[in-house]
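Notes follow the structure.
Protein chains in written order, with the working numbering: chain A, 5 to 162; chain B, 5 to 162; chain C, 5 to 162; chain D, 5 to 162; chain E, 5 to 162; chain F, 5 to 162.
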């Protein structure tokens with residue numbers, strides 16, 4: 005824990021860290037999160053009366069578009085062009101609710117953890133938006149990094 | 005639970021619901037969420053060696069700016085001009101971690117729940133970003149609506 | 005044809021026209037456009053091997069999100085909050101190809117023609133993007149206003 | 005036509021294709037499109053009473069700025085930094101109307117077709133916007149890719 | 005000078021002030037600023053070898069588009085839909101350089117000073133960008149509010 | 005002064021210059037600017053009754069976020085991913101007022117002067133916004149490039 009918070013200069017002000025001297029390497033990251041809901045809400049999403057496809061497609065696209073906006077949303081994030089991004093949404097009866105997992109990759113000087121986490125959180129709040137008329141009490145939990153690779157620190161896994 | 009998912013047309017396709025006939029009323033919403041971290045990470049945030057002010061200010065501003073982007077991030081959300089927005093960040097030793105609460109208001113035809121939730125989630129991922137170099141295992145939880153008011157459905161409280 | 009081009013000042017410079025004195029009325033507009041493709045490409049979109057749902061959902065959402073960006077894309081357009089927006093995509097064997105129609109509405113001081121046209125053109129180029137790997141020679145045609153209502157000029161129909 | 009739609013995963017969901025393994029090459033693309041109008045509208049644009057320069061400059065800039073937003077508008081497009089972009093607008097008495105042609109280039113792992121097409125369509129709807137007060141019945145046609153170069157598939161020409 | 009800084013809460017944290025209780029009135033604001041350059045640079049801008057029209061049109065449009073982004077650029081600004089905006093650029097031999105003046109208006113609960121100032125500063129840095137290859141030493145000065153009207157404080161003039 | 009304005013094509017139309025053939029080098033730039041205010045306003049910013057930290061942090065972040073939007077704000081600027089960016093704000097009793105200095109860097113084919121200047125101007129107008137309720141007559145001056153390095157022209161210093 006002796007490390008510095010890298011987003012702060014020596015006089016304690018925020019800045020966008022200079023990564024210009026870092027190696028350009030392949031970077032990947034996977035994050036996930038969950039939307040808890042009433043069992044009846046999950047049934048509604050999965051039942052024939054509701055086109056699960058469209059609901060899931062909207063959230064997947066929101067996740068992808070959200071990830072592209074990471075540096076616009078998070079002040080000290082470096083802009084970087086993603087080379088690939090997948091957002092998966094799975095119903096989980098045990099929660100009950102929906103689980104979102106996003107994996108992204110790039111070749112660059114900074115990691116893509118924040119892009120993966122932003123994809124997950126944007127997909128989750130989009131799902132919340134589409135289902136809130138029937139279940140406003142839903143909650144989002146367990147948004148976390150599962151794994152990342154590339155860069156000076158190498159592989160990290162939860 | 006017999007209600008329709010309002011974001012779907014009768015043929016099951018997504019659309020942006022027409023709210024043109026809804027009453028223009030004062031709308032408010034409050035949402036909250038938490039970032040769990042190691043006790044040592046929270047100590048670092050709160051200790052003199054780290055300018056809590058700047059870290060908190062960055063997250064508050066990210067939350068405010070994120071809320072303004074709600075309709076850009078969430079495909080079926082209506083754009084609306086917020087009239088007020090406050091984002092509060094509090095350390096909680098019991099988690100241990102940080103708790104974010106956002107309250108926003110407008111006068112319009114749709115609610116501001118998604119703006120409050122987007123403010124919270126953007127502030128939380130921004131905090132994650134600033135602290136991830138010392139504690140990548142942090143997780144975000146309990147992003148939820150606490151209360152809302154205004155509109156046809158009136159007051160709702162968790 | 006004796007009318008002025010309203011986007012030009014008397015000294016011939018572009019400006020964003022002052023609409024502050026116009027009446028606030030309900031405004032609607034419908035626009036449409038077509039993507040022409042090879043018959044085999046249309047078959048692929050409609051066949052079981054391709055999830056038409058996802059392809060159409062992506063284009064519908066792109067159209068909705070594009071419409072929200074109208075004032076960002078078109079320099080002299082006034083920003084306005086849409087109150088409703090629907091984007092429909094229909095296969096047409098006669099083209100062969102896909103036909104997009106968008107209808108939007110607001111209550112305000114300027115019309116929503118450009119929002120409807122932007123929704124259509126964004127949905128069409130998104131469809132082109134998803135199908136270009138199999139048919140790069142597709143072309144977009146007949147993007148046009150079908151009907152509009154509200155404001156000083158009242159109802160207009162093609 | 006046996007190729008897959010590359011924007012779909014094997015389970016038929018949309019994703020942003022991973023291009024991380026593709027070669028970094030010089031990429032160029034040219035697209036064009038047309039705005040059809042009444043002969044009198046074209047005369048007005050070209051006559052001394054209307055500063056053609058400003059109208060054309062607005063559309064050229066809208067095309068350039070639109071191209072920079074390609075990945076924001078088209079959900080499955082990869083963000084990429086353009087290295088050059090030219091938008092040309094020419095009156096054509098034979099249509100009668102205006103013809104827009106855009107050429108763009110980059111050095112990267114994906115093509116720039118969508119940037120060229122987005123530049124063209126944004127310039128065209130901007131021209132429509134500036135002229136619609138005198139001729140709302142105008143229509144946009146023939147937005148298409150003319151030529152592209154670079155990448156695995158090499159040169160393609162209409 | 006005894007007034008509070010309104011962007012700070014009582015515990016000294018930034019927030020977006022709640023303007024929901026303010027009167028909806030017509031608001032206008034005018035701001036200006038100058039770009040100082042070498043006399044030869046101004047000659048080049050004004051001479052026949054350089055299409056002043058295009059250079060000025062680009063800067064005017066940048067100013068208009070910049071003004072629409074005010075709430076995105078300035079964290080504590082309220083989003084508001086402008087109803088009108090004019091950006092004028094005039095050569096001034098006495099500087100020597102270019103003078104930009106922007107006037108904007110809306111009907112709403114907050115003033116439009118920041119929109120006018122953002123229009124001016126964006127037009128000025130855009131002019132700098134277009135001329136920097138011949139005169140990188142140019143400087144921007146005197147960006148200031150000239151006049152504003154509407155709201156609780158009424159008319160203000162420099 | 006015999007050089008061409010590079011943003012204009014040979015027929016005098018604006019375009020985004022093709023930089024595809026330029027060398028990829030490390031680029032840095034530093035710019036600065038000042039906000040002049042009444043002495044009492046500066047005292048208020050610096051006094052205990054006003055949390056200077058938050059006001060300065062908001063402006064620093066606005067500067068950083070503004071720099072990331074450079075190519076969105078300035079029509080003919082190339083998009084480029086910044087690798088580092090620092091914004092410093094210092095009170096200067098002699099003005100009296102605040103002085104902003106921004107330094108940014110990237111590795112690419114174009115310079116980062118406009119990013120540094122955009123960071124400075126966005127931070128300055130954000131400071132103006134936070135202080136205007138007590139001192140609307142403040143003015144911004146001396147926004148200028150101090151130094152740049154990298155690229156064909158090499159080092160330049162005011």
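Built from N, CA and C at the ideal position, the CB exists for glycine as well.
What you are looking at is a predicted structure, and each value in this text was computed from that prediction instead of being measured.
Whose CA, out of the options, lies closest to the CA of residue i?
| i | options | result |
| --- | --- | --- |
| residue 137 of chain A | B/155, B/145, B/135, B/130 | B/155 |
| residue 45 of chain D | D/58, D/102, D/81, D/71 | D/102 |
| residue 117 of chain D | D/153, D/143, D/126, D/79 | D/153 |
| residue 39 of chain A | A/9, A/88, A/143 | A/143 |
| residue 133 of chain A | B/92, B/119, B/161 | B/119 |
| residue 14 of chain C | E/83, E/27, E/92 | E/92 |
| residue 89 of chain C | B/83, B/94, B/89, B/37 | B/83 |
| residue 135 of chain B | B/63, B/9, B/124 | B/63 |
| residue 10 of chain D | C/27, C/161, C/26, C/58 | C/58 |
| residue 127 of chain F | F/73, F/66, F/47 | F/66 |
| residue 60 of chain B | B/25, B/23, B/105 | B/105 |
| residue 24 of chain F | D/75, D/112, D/37 | D/112 |
| residue 75 of chain F | F/162, F/161, F/121 | F/121 |
| residue 73 of chain D | D/47, D/123, D/148, D/161 | D/123 |
| residue 148 of chain E | F/94, F/161, F/129 | F/129 |
| residue 150 of chain C | C/37, C/12, C/26, C/22 | C/37 |
| residue 12 of chain B | A/12, A/161, A/131, A/162 | A/131 |
Measure the beta-carbon distance from residue i to residue j and round it to whole angstroms, keeping in mind my assumption that it falls under 8 Å.
| i | j | result |
| --- | --- | --- |
| residue 86 of chain A | residue 107 of chain A | Contact doesn't hold; Cβ gap of about 11 Å is too wide. |
| residue 42 of chain A | residue 139 of chain A | 5 Å |
Using the Cβ count rule (16 or more neighbours within 10 Å means buried), how would you classify residue i?
| i | result |
| --- | --- |
| residue 250 of chain F | Residue 250 of chain F lies beyond the range of chain F shown here (5 to 162); nothing can be said about it. |
| residue 115 of chain F | buried |
| residue 71 of chain B | buried |
| residue 145 of chain A | buried |
| residue 158 of chain C | exposed |
| residue 49 of chain E | buried |
| residue 28 of chain D | exposed |
| residue 125 of chain B | buried |
Could you tell me which residues DSSP puts in a beta bridge with residue i?
| i | result |
| --- | --- |
| residue 83 of chain B | Answer is none; residue 83 of chain B lacks a bridge partner. |
| residue 24 of chain B | Note: residue 24 of chain B sits in no beta bridge, so no partner. |
| residue 153 of chain E | E/32 |
| residue 161 of chain C | C/151 |
| residue 13 of chain B | BP columns for residue 13 of chain B are empty, so no partner. |
| residue 103 of chain D | D/38, D/94 |
| residue 109 of chain A | A/32, A/88 |
| residue 143 of chain D | C/148, D/40 |
| residue 18 of chain C | C/12 |
Okay, do the stretch 93 to 101 of chain B and the stretch 26 to 33 of chain E touch, 3+ Cβ pairs below 8 Å being the bar?
no
Is the stretch 14 to 26 of chain D in contact with the stretch 73 to 80 of chain D, if contact means three or more CB pairs nearer than 8 Å?
yes
Got a sec: which bits of the stretch 72 to 103 of chain A sit with their beta carbon under 9 Å from any beta carbon on chain G, in order along the chain?
Within the model displayed, chain G is absent; protein chains A, B, C, D, E and F are what it includes.
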